[in-house]
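Residue numbers (my numbering), protein chains in the order written: chain Y, 1 to 596; chain S, 597 to 1024.
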């Protein structure tokens, strides 16, 4: 959903007598199960300035939107308050209703009575209702004091910068170029391909990682609209939607800069690195990770599986190493967090590898120790099936009963409390232990801190909403592709990267981009030129001292201002306000809430 | 009858979440799009769901704004209650033969006032409510439907004329005929979606004849805010169930019914429904019989852990058979794969079969070169290079038409199909 607010001038309706329409949403029970929505609408209908107050099951639906549009048309409503879900979900939906009905879209106030009332006061229905009424009344006071605003338009670079040249980055660049945009891939490694370069045969196609990389990189190199920078170390990223600047160093020490209207973060993943001593890893040479085993398998001679010159006759795979971690069972990571997520690809990858192992060395005994086998893809179940047929012995443990690996001169002993044999303690010897490791996000600390990108508890980049805006970061103009967002396989990364390119193409479909008008505004009459505010501003060039009619005043650059309000807080004369969020509005809201 | 002709850049077949999103992602790039939907409303399966995992947003809150965006979009034309009969490729253009099915009303005149529905004396089982509620023979399909036009079902109509007398715009037309439409497009996106495996798929699970063994879609409606009863009741006697069980993989990972693949969504929807059920029926016991819990998406494992912490009972067991006692209580015969050995028979009051996903439409029937895989889903030309390009030039695929996937994955797919179609059109 990308309905753009155009500033196509709505009527000058803010000069008319304010007529507020209040719309209370049931949110399909999310709100109305707790809050008496009829009582809220009833109370608001009597509030000063309110022309009409209604409640409806789904205000965001077409019918709900039509209700508002009808009131604008028939009752002359020229400001709206919708008391519903979080504004992050649907504020834009309702602004668009106003826009379509010919009212300035910023004469709308979205009041959150779901997260802020019904969800948090489940056990106090009367209290939740009273709170919803107060919040909605505060919303009315705010909207009565709103001014019509127009989106700020900035010219956009018609270019997409793709950070990361793995399969996701290549796909994103190809798709953007396919649409006619210039694309620049910035890859820190010496060549395109990323993690796939190290991998052997990939599921589901059976092609090797490098073979897949070649197909994509051939397309990339043949595409005139794509520029590729390899061995490029990004050292500084700045700017905002439409005008990002990415500075990087090349191997020869020289610097270069790419200007772009949009950024696709295709920064990928790292294999989880087990802690020293985790199932003996790092202490015992015969405990390896799955990626290490994949190269071992690739390099073994045809007649025997060999590791460090020794023949491997039996091996044990332990799943969920570094994934699905549980408090009290697993040690937290260095940052104190647990990797409580499932890494999605490792079950299938492990069984696909075991299939190849059994095809090459049918005599090797394989034990597979798992919690749940998650071979969810269309053909993945066949790998599980084949492994069973090939005689792989599956053992399932509960999360609290972790398998134990001990080693002595006679080799490794693995102990498992196997629920498939009703909790039997099983013990067996294995020449090699393979830890089926998951994914963690690649280290992008620098870019994340410079662009202030959000990540979740799992440390992966966090989309705005998994269904509404699944590849968009909260930072306007920055999209995420592939495993930088969450573990996924290379085919899934194709979809994610294609969509990231689609969103960039939508953003850059017009030469200039509308930005929210919520920026600092200086009242030159009140400004005393004291100079306190520029010191508080965190955005270079957004707020500086200048002159107006021969008087020293603070001057805002609306394209750079983020509307954070830090300047507002230090102004001794209330001369600065953030448009749409003024101090007068907040005063009135507080008064409305505090009124007996 | 004159032939209505529409010329667009892209034709999107299907208006579920994948179709809607592909259409929006194309139209927002500046392309014109026609969507053809066989049902009377856009919105697909998703609009009938209760809440969606892992965020527990109400499904309507995610779907209806998209439906509204599509219906208000200046570059999108939507044909509902219309079938795609054939698509021909002529050079670089596709010509699709569409039939608009008759609603028996004049859509140009109808003001969606519902008077016809109010006065109609004939009730039918409401398929939108999975047969659990009733609707009138002439009625608007459901509250949030787009467009808000009533549909008449002539096979049930008793020709009493009440609707025609009640209609203030005189737009009831008992003699309306199917109308042909021709759509010319440069690219086609197949977003034809899925159906669930039939309740009758497995003899051991009662062949759909046990009243208190229901489908997950029926459970969605029971849990939906505007469901048929406004609360969770079991079908046989209207009792509030105190013991509810989910039978996982009832239609997936099962070679005996020809569906060996995992349907990807059933673990998560069962967990979600279990969480919602424990909200609406706090004292009910809820058990999920499963083989493996496949909570593999972003935030899913945490969602699963929340469900366990809420006291939902996860039992690793294969359900061998479902019968019922004299009070229609389903009796589930299981063999546990953990804890104790030996088969057990456990009585529940309501059982939900976690059905799998099968293709809703044979994408190859249009003869455009887009081939199917062995399970009847649309096959990708090379999934290592693109997630939307089929074997047919100019034909793209999005969402569950290419295989089971959940809503976040379908939404992501849709964008990818849109950019591939845009690139193709640009290069023509």
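The beta carbon of each residue, even a glycine, is placed where N, CA and C say it ideally should be.
Alpha-carbon to alpha-carbon, residue j and residue i
{"i": "residue 31 (chain Y)", "j": "residue 41 (chain Y)", "result": "13 Å"}
{"i": "residue 819 (chain S)", "j": "residue 828 (chain S)", "result": "6 Å"}
{"i": "residue 136 (chain Y)", "j": "residue 562 (chain Y)", "result": "27 Å"}
{"i": "residue 20 (chain Y)", "j": "residue 509 (chain Y)", "result": "35 Å"}
{"i": "residue 890 (chain S)", "j": "residue 287 (chain Y)", "result": "27 Å"}
{"i": "residue 655 (chain S)", "j": "residue 642 (chain S)", "result": "7 Å"}
{"i": "residue 563 (chain S)", "j": "residue 723 (chain S)", "result": "A question about residue 563 (chain S) goes unanswered here, because the residues of chain S that appear run from 597 up to 1024."}
{"i": "residue 483 (chain Y)", "j": "residue 683 (chain S)", "result": "37 Å"}
{"i": "residue 609 (chain S)", "j": "residue 825 (chain S)", "result": "33 Å"}
{"i": "residue 225 (chain Y)", "j": "residue 128 (chain Y)", "result": "56 Å"}
{"i": "residue 398 (chain Y)", "j": "residue 423 (chain Y)", "result": "9 Å"}
{"i": "residue 180 (chain Y)", "j": "residue 651 (chain S)", "result": "36 Å"}
{"i": "residue 769 (chain S)", "j": "residue 617 (chain S)", "result": "34 Å"}
{"i": "residue 411 (chain Y)", "j": "residue 348 (chain Y)", "result": "28 Å"}
{"i": "residue 6 (chain Y)", "j": "residue 334 (chain Y)", "result": "Here the model assigns residue 6 (chain Y) a pLDDT of 37, short of 50, so the residue's position is not dependable, and the following value carries that caveat. So the alpha carbons of these two residues sit roughly 47 Å apart."}
{"i": "residue 469 (chain Y)", "j": "residue 92 (chain Y)", "result": "13 Å"}
Interface flag, residue i vs chain Y, CB-CB below 9 Å
{"i": "residue 726 (chain S)", "result": "no"}
{"i": "residue 1007 (chain S)", "result": "yes"}
{"i": "residue 783 (chain S)", "result": "no"}
{"i": "residue 704 (chain S)", "result": "no"}
{"i": "residue 969 (chain S)", "result": "yes"}
{"i": "residue 906 (chain S)", "result": "no"}
{"i": "residue 895 (chain S)", "result": "yes"}
{"i": "residue 739 (chain S)", "result": "yes"}
{"i": "residue 830 (chain S)", "result": "no"}
{"i": "residue 837 (chain S)", "result": "no"}
Close Cβ partners of residue i (< 7 Å) along its chain, the five nearest in sequence each way excluded
{"i": "residue 14 (chain Y)", "result": "With a pLDDT of 47 at residue 14 (chain Y), under the threshold of 50, the predicted position of this residue should be treated as unreliable, though the coordinate-derived value follows. Cβ neighbours of residue 14 (chain Y) beyond the five flanking positions: 104, 107, 147, 148."}
{"i": "residue 283 (chain Y)", "result": "276, 277"}
{"i": "residue 814 (chain S)", "result": "726, 728"}
{"i": "residue 112 (chain Y)", "result": "85, 86, 87"}
{"i": "residue 325 (chain Y)", "result": "338, 339, 340"}
{"i": "residue 788 (chain S)", "result": "609, 610, 956, 957, 959, 997"}
{"i": "residue 487 (chain Y)", "result": "269, 343, 344, 345, 438, 439"}
Strand pairing of residue i, partner residues [DSSP]
{"i": "residue 427 (chain Y)", "result": "Y:415"}
{"i": "residue 581 (chain Y)", "result": "Y:578"}
{"i": "residue 435 (chain Y)", "result": "Y:289, Y:318"}
{"i": "residue 545 (chain Y)", "result": "Y:554"}
{"i": "residue 483 (chain Y)", "result": "Bridge partners of residue 483 (chain Y): none, in fact."}
{"i": "residue 841 (chain S)", "result": "S:883, S:947"}
Test: residue i CB closer than 9 Å to a CB of chain S
{"i": "residue 337 (chain Y)", "result": "no"}
{"i": "residue 330 (chain Y)", "result": "no"}
{"i": "residue 210 (chain Y)", "result": "no"}
{"i": "residue 454 (chain Y)", "result": "no"}
{"i": "residue 6 (chain Y)", "result": "Reliability fails at residue 6 (chain Y), whose pLDDT of 37 lies under 50, so the model's placement of it is uncertain and the value that follows must be treated cautiously. No, residue 6 (chain Y) lies away from the interface with chain S (no Cβ there is under 9 Å from its Cβ)."}
{"i": "residue 54 (chain Y)", "result": "no"}
{"i": "residue 324 (chain Y)", "result": "yes"}
{"i": "residue 289 (chain Y)", "result": "no"}
{"i": "residue 192 (chain Y)", "result": "no"}
{"i": "residue 386 (chain Y)", "result": "no"}
Beta-carbon contacts of residue i that lie in its chain and below 6 Å, excluding the five residues immediately before and after
{"i": "residue 942 (chain S)", "result": "928"}
{"i": "residue 462 (chain Y)", "result": "454, 455, 456"}
{"i": "residue 634 (chain S)", "result": "679"}
Spatial neighbours of residue i in its chain, beta-carbon cut-off 8 Å, leaving aside the 5 residues before and after
{"i": "residue 1027 (chain S)", "result": "There is simply no residue 1027 (chain S) to check, as chain S begins at 597 and stops at 1024 in what is shown."}
Closer than 9 Å to chain B by CB, residue i
{"i": "residue 981 (chain S)", "result": "Included in the structure are the protein chains Y and S, with no chain B among them."}
Three CB pairs or more closer than 8 Å across the stretch 998-1016 of chain S and the stretch 795-805 of chain S: Taking 8 Å as the limit for Cβ pairs, the verdict is that the stretch 795-805 of chain S does not touch the stretch 998-1016 of chain S.
Stretch pair the stretch 160-171 of chain Y + the stretch 41-54 of chain Y: three plus CB contacts closer than 8 Å: Not touching, per the Cβ criterion.
Inter-stretch contact (C-beta, 8 Å, three-pair minimum) for the stretch 373-392 of chain Y and the stretch 907-920 of chain S: Counting Cβ pairs under 8 Å, fewer than three are found: no touch.
Contact the stretch 847-861 of chain S vs the stretch 946-966 of chain S: 3+ CB pairs below 8 Å: Yes, they touch.
Touching by the beta-carbon criterion (3+ pairs, under 8 Å), the stretch 521-538 of chain Y and the stretch 547-565 of chain Y: Yes: at least three Cβ pairs fall under 8 Å.
Three or more C-beta pairs below 8 Å linking the stretch 207-226 of chain Y and the stretch 536-549 of chain Y: Between the stretch 207-226 of chain Y and the stretch 536-549 of chain Y, the count of Cβ pairs shorter than 8 Å is below three; the stretches do not touch.
Segment contact flag, the stretch 245-259 of chain Y with the stretch 303-310 of chain Y, C-beta cutoff 8 Å, min 3 pairs: Contact fails: fewer than three Cβ-Cβ distances are below 8 Å.
The stretch 475-493 of chain Y in contact with the stretch 233-248 of chain Y per 3-pair CB rule at 8 Å: Verdict: yes, contact present.
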